[in-house]
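Chemist: Heads up: the sequence shown begins at 503 in our numbering, then just goes up one per residue.
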Amino acid sequence: MAKSGKSSASRIAVWGILLLLVAGLAGFGSGGLGGNIQTVGSVGDTPITVQEYQRGLQQELDFETRRRQQPVSMQTALQEGLDIRVRERLAASTALTEEARVMSLSVGDAEVLRQLQQVPAFQGPSGTFDRDTYEFALERSNLRPADFEDDLRKTAARELLQQAVTGGLTLNKSYAETLYGYLGQRRSFRWAELNADLLASPNAAPTDTQLQAFYDENGTQFETPEVRKISYAWLTPDMLVDDITPNEDELLALYEERSGEFNQPERRMVERLGFADADAAAAAKAAIDAGETSYDDLVTERGLTLEDVDQGEVSRDDLDGPIADAVFALTEPGITDPVETSLGPALYRVNAVLEAQETSFEEVRDDLVAEAAEDQARRAVLDKLTEVEDLLAGGATLEELGTDTELEFGQIEFSKEEQEGIAGYDNFREEALLLREGDFPEARELSDGGIFAARLDEVVPPALPPLADIRDDVAAAWDAAETKRRLSELGENLKAQLDAGTAMEALGLVGRTETDRGRTDFIEGTPPALLVTAFDLEKASDTALIPTDDGAILVELLDISPADLTADQAQNFLTQLSQQGSAGLAADVFELYGQAVQARHGLSLDQVAINAVNASMR
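Below you can see the structure in the form of structure tokens.
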């Protein structure tokens, strides 16, 4: 049974091993909870261990940090329910492990050993599996070999189970062909914009009765937005940075830390083309010098691309002695004589000569001062976070924070349109919309490293101003609506004439022709509804009137070109879609299977243990 799922299981299991190693090396083992809590739950008789849950949380935090390109705290993870996502994922995999256990599905020691031998992290200097290297890597990860191998055995069993459930599931060929037939269809059509210039006369001035009626019927569009009166206290790095003066030792340390950026040796941008022997390399160089061929031609003849031979930007220290001597002997772009390398003779082409760069401490001192001050300011603000949390928990008001701490107190009449000051931060805007009267102010972080706490004082609901106060706005809106109404009537009349066979130009319209347009094309200056409507029309000569913000668009379908399923592009699409669709089908089936398995065996969670692990991660 192990053999039948060998290929798929081994590939996925190896990746699983590497992920476990990465997570483990982050330092999260089963310690830190006093050793009293071993599991956070179970599915049937298979436990979900503390170590698995910790690793899962750390992986989720690392993933979100990379995705958002800023640190994600455990507090944020709990607020956003990332811990729930981790537990759901662990419950699903544990359910499959329990199912495999009940079915007595497993792999033998030989298969476990084979998979261990394929992991580069467990290989010694000889390039083969080394027991000492393996045990040392696990020791650094706070893992025992027996536990690790048991995890590996369970993972392989789950993969065998997945292969048994989803193996052979493929998408029906007609599905991909139907979808490409829809997406690949092309259409040609003509269209003309109807605007106020086509009207015989401008709109008459509205009467008081017309304005009042329009005001009564469309009052919501003139309402003032909801205003949330909010008090807040905040502190940002910019508020502190002017009072921070980094000392010289800190600046020198920062300069040394970034010396590779400020001081760079002479460099070359090079390409390397290897040859079988010295004679072939010499012949190639002679042919280039004689103008019989070129370096690019030689690359192409070898079935390579310039990306394949590109060595990037190198310094003398990046190259072996003889290679460095040949490459750096060129003071301008050119090709070296054949050079003997560890991989055989080669020709190096120098594409650019980059002079050495030396930037003294004095030249960048001002920049370093600003950078160090900003960094210290951010750290100083974050150091205040715990103090602010304690003060708020002790009953301090926001006004007191503004007088007794470095935080500044302020008030804002916040609406969704507000963007000034603290309202320019997405973090504050999200919090402002969630606040309720009577809520206890809590310290929050801002995207630039600042902190704030906010209190909702009052909600002013949307209100409709009296007509007299907004008469000009109502008159302008009435005029726009009246223009649109008249253009709609004109459009219906023109459409009827177009349907009767009259050409657009004969109707006084400026028509534009679009040829072989696809569904996802972009037509500048037009709303998306134009293409959508053109593809909704059933046959050539069909017409449609499309309302727009300023008037309407009249469109006439000229031709429908079906998708060419025999084209290379179509075949590539069909192949990829079939593969992706089959994978999606298999994933959906396996997800449903996993839910059924979990329901059958039963999931139990220990909330006390979960809370303890969450607290240990803060």
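Cβ coordinates follow ideal geometry from the N, Cα and C atoms, glycine included. Note that this is a predicted model, so its numbers are computed, not measured.
Taking DSSP's pairing of strands, which residues face residue 692 in a bridge?
Modeler: 1015 and 1058
Chemist: So, is residue 1099 buried or exposed, given that buried needs 16 or more other C-beta atoms within 10 angstroms?
Modeler: buried
Chemist: Determine the closest residue to residue 669 out of 1097, 1085 and 1109, with distance taken between C-alpha atoms.
Modeler: Answer by Cα proximity: 1085.
Chemist: Let's see if you can read the secondary structure: which residues bound the beta strand (DSSP E) around residue 576?
Modeler: Segment 576-581 is the alpha helix (DSSP H) holding residue 576; no beta strand (DSSP E) there.
Chemist: Using a Cβ-Cβ cutoff of less than 6 Å, which residues in the same chain neighbour residue 962 once the five nearest sequence positions on both sides are dropped?
Modeler: Result list for residue 962: 729, in chain order.
Chemist: Taking the alpha helix (DSSP H) that residue 647 belongs to, which residues open and close that run?
Modeler: Its alpha helix (DSSP H) spans residues 647-668.
Chemist: From the DSSP output, read off the bridge partner residues of residue 837.
Modeler: In the DSSP assignment, residue 837 forms a beta bridge with 851.
Chemist: Does the count of Cβ pairs from the segment 916-935 and the segment 973-989 closer than 8 Å reach three?
Modeler: Touching, no.
Chemist: In the DSSP output, which residue or residues are listed as bridge partners for residue 862?
Modeler: Answer is none; residue 862 lacks a bridge partner.
Chemist: Put residue 605 into one of helix, strand or coil per three-state DSSP.
Modeler: coil
Chemist: Mind pulling the beta strand (DSSP E) runs of 3 or more residues that sit fully within the segment 768-823?
Modeler: 769-776 and 812-817
Chemist: For residue 624, I'd like the list of residues in its chain whose CB is within less than 8 Å of its CB, leaving aside the five on either flank, ordered along the chain.
Modeler: Excluding sequence neighbours, residue 624 sits near 618, 631, 632, 635, 636 and 639.
Chemist: Whose C-beta lies closer than 7 Å to the C-beta of residue 473 among residues of the same chain, with five residues either side of it excluded?
Modeler: Given that the chain is displayed from residue 503 to residue 1120, the structure contains no residue 473 and the question cannot be resolved.
Chemist: Let me check one thing: in DSSP terms, what residues is residue 736 bridge-paired to?
Modeler: Paired residues: 910 and 954.
Chemist: From the DSSP output, which residues share a beta bridge with residue 625?
Modeler: 631
Chemist: Can you list, in chain order, the residues of its chain with a C-beta nearer than 8 Å to that of residue 767? Leave out the 5 residues immediately preceding and following it.
Modeler: 817, 818, 819 and 858
Chemist: Who are the near neighbours of residue 540 in its chain, counting only those whose CB is closer than 8 Å to its CB and skipping five residues on each side?
Modeler: 532, 549, 551 and 552
Chemist: Can the beta-carbon of residue 895 be found less than 8 Å from the beta-carbon of residue 748?
Modeler: No, these two residues do not count as a Cβ contact at 8 Å.
Chemist: Would you kindly check if the distance between the Cβ of residue 545 and the Cβ of residue 596 is under 8 Å?
Modeler: yes
Chemist: Do the segment 750-769 and the segment 841-852 meet, that is, are 3 or more Cβ pairs less than 8 Å apart?
Modeler: Touching, no.
Chemist: Could you work out which residue in 801, 864 and 838 is closest to residue 474 when comparing CA atoms only?
Modeler: Here the chain has residues from 503 to 1120 only, and residue 474 is not among them.
Chemist: Buried or exposed for residue 684, please, with buried defined as at least 16 other CB atoms from any protein chain shown within 10 angstroms of its CB.
Modeler: exposed
Chemist: Relative to the C-alpha of residue 657, which candidate in 737, 601 and 587 has its C-alpha closest?
Modeler: 601
Chemist: Using three-state DSSP, classify residue 1039 as helix, strand or coil.
Modeler: Looking at residue 1039 - three-state DSSP - the assignment turns out to be coil, as it is neither helix nor strand.
Chemist: Bridge partners for residue 549 per DSSP, in chain order?
Modeler: 544
Chemist: Under 8 Å between the Cβ atoms of residue 736 and residue 916?
Modeler: no
Chemist: Per DSSP, what kind of secondary structure is residue 924 in: helix, strand or coil?
Modeler: Reduced to three states, the DSSP call for residue 924 is helix.
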